[in-house]
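Position 69, counted from 1, in the sequence shown is what this note's numbering calls 103; the numbers after and before it change by one each time, with no gaps. Note that beta-carbon positions come from the ideal geometry of N, C-alpha and C, so glycine has one too. Note that the coordinates shown come from a computational prediction; the quantities given were computed from them, not determined experimentally.
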Amino acid sequence: MKTLPSNITLNVVTIAPIEEAIRNTFIDILKDYTSRSGKKLTKKKVTVGIAFIEDSAEGMDGTLGTSFDGDNRIMVQVRDPYMDEDAPEENDYTTLMLLSVLSHELVHVCQYLTNSPGIPHKIKYNKKDPFESYFFGERELEARILEPLYVQKYAYKNFKELTLQREILDEDER
Ligand SMILES: [Zn+2]
């Protein structure tokens with residue numbers, strides 16, 4: 035079993051039993067990211083939470099994943115297309131998207147854990163425009179560069195034998 039550094043706790047919440055695959059993907063990416071960048075991991079105790087949420091979740095317009103860096107707590111949300119009532123049959127295209135979003139968000143987690151600014155660049159963009167600022171942000175650019183590499187190198191392998199689709203048997207709302 036792969037192990038995380040002892041100061042990092044990982045909690046995973048998904049409807050499909052894929053905790054181990056997510057955990058292993060996180061460990062693989064964290065190892066790759068720190069060795070490739072030479073950046074040092076924080077020594078602080080940090081709790082990382084990763085939740086696969088309903089694809090139709092509100093408040094995530096046009097975004098498939100988000101990560102939040104709080105005080106020693108990092109929270110990641112990934113939209114799970116296989117969780118919805120009208121979910122598509124499990125297929126390679128949708129799975130690639132899901133694993134890409136996961137890998138992308140995990141790069142952001144690595145950035146938080148190493149206090150990395152991302153990749154400096156000289157591309158011109160409108161700093162007053164929130165969309166451009168996000169899109170050309172140094173962390174965002176780094177996450178986008180590493181995302182396909184990490185999907186191919188790690189996520190695919192860890193999820194290979196797994197079925198991601200789950201039938202929701204019951205759903206209650208408040
Ligand atoms: Zn991002």
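With a threshold of 6 Å (Cβ to nearest heavy atom), would residue i be considered close to ligand 1?
i, result
"A177", "yes"
"E174", "yes"
My guess is that residue i and residue j are in contact by the Cβ rule of under 8 Å, so how many angstroms apart are they, rounded?
i, j, result
"L132", "T59", "About 12 Å separates the two Cβ atoms, so there is no contact after all."
"G152", "E172", "3 Å"
"V112", "G99", "5 Å"
Whole angstroms are fine: how far does the CA of residue j sit from the CA of residue i?
i, j, result
"I52", "L196", "7 Å"
"T76", "D89", "32 Å"
"E123", "K156", "43 Å"
"T48", "T148", "26 Å"
"N160", "E176", "19 Å"
"M35", "L140", "19 Å"
"I202", "F86", "14 Å"
"P164", "L183", "27 Å"
"L38", "L64", "9 Å"
"M117", "K162", "37 Å"
"R57", "L130", "18 Å"
"I179", "K187", "13 Å"
"K74", "K191", "26 Å"
"D206", "K158", "48 Å"
"T43", "A50", "20 Å"
Ignore the nearest five residues each way along the sequence and tell me which others in residue i's own chain have a CB closer than 6 Å to its CB.
i, result
"F193", "A55"
"S134", "E181 and V185"
"Y67", "C144"
"A189", "T59, L133 and S137"
"V110", "I84, S101 and E139"
"Y127", "none"
"I108", "V82, V143 and Y146"
Answer with yes or no whether the minimum CB distance from residue i to chain B is below 7 Å.
i, result
"T197", "Annotation note: the requested chain B is absent from the structure, which comprises a single protein chain."
Given residue i, which residues of its chain have a CB within under 8 Å of its CB, disregarding the five upstream and five downstream residues?
i, result
"N106", "K78, K79, V80 and T81"
"Y31", "Limits of the chain in this structure are 35 at one end and 208 at the other, which puts residue 31 out of reach."
"S71", "T148 and S150"
"P154", "E172"
"N45", "T81, V82, G83 and I84"
Cutting at 7 Å between CB atoms, please list the residues of its own chain near residue i, excluding the five before and the five after it.
i, result
"A121", "P115 and Q199"
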